[in-house]
Amino acid sequence: MSARAEPVALHLLRHAHAGDPEAWTGDDAARPLSDRGVAQAERLARHLSAVGFTADVVLTSPKIRARQTADIVAAALGLKVREDERLAGSLGLGAIRKILREAGDPRVPVLSGHDPDFSELLATLTGTPSLPMKKGAMARIDLVGGLEQGGG
């Protein structure tokens, strides 16, 4: 993606707490948020609403825990959630470029997904060797030079 005339405020939303994956006996994609995770997502949603946060689009991994997190946050913002299978894992800058282009090049997108992808993406975009994201956290990266390594 080349430099844009307008900056993009990319928001990465890591899914909230979903419990111990070792204790889950079903398909990992179906592992839901724990009660703690629901509370985390609701707390973030209330905060975003209270500070007047707005977004153009909320895109999510189809994995249940990411979808639940996105649904809770999007409801507080009055937005619908769109699923994108590519947000389920193995993300790179090229995949993010395509996802955003196909979503109409939003200026304030929220992407809901997983680690280690989101921590790696956050570190890449900010030019930082390591920048871990906690469960239920949202990070904003202002992209003034496009979606490039160190661009935010």
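For the sequence shown, counting from 1, position 58 maps to 58 in my numbering; every step adds exactly one. Glycine included, C-beta positions come from ideal geometry on N, C-alpha and C. All values derive from a computational prediction rather than experimental measurement.
### Query
So, is residue 134 buried or exposed, given that buried needs 16 or more other C-beta atoms within 10 angstroms?
exposed
### Task
Report yes if the C-beta distance between residue 130 and residue 123 is below 7 Å; otherwise report no.
yes
### Task
Can you have a look at residue 21 and say buried or exposed, based on whether 16 or more other CB atoms are within 10 angstroms of its CB?
exposed
### Task
Work out the CA separation of residue 146 and residue 40 for me, nearest whole Å.
31 Å
### Task
Decide yes or no for the touch test of the segment 61-71 against the segment 26-46: beta carbon pairs closer than 8 Å, at least 3 of them.
yes
### Message
For a minimum of 4 consecutive residues, which ranges assigned as the alpha helix (DSSP H) are wholly contained in the segment 58-133?
### Response
64-77, 93-102 and 117-126
### Task
Using only alpha-carbon positions, find the residue among 78, 94 and 103 that is nearest to residue 54.
78
### Task
Kindly indicate which residue of 70, 132 and 26 has the alpha-carbon position closest to the one of residue 44.
70
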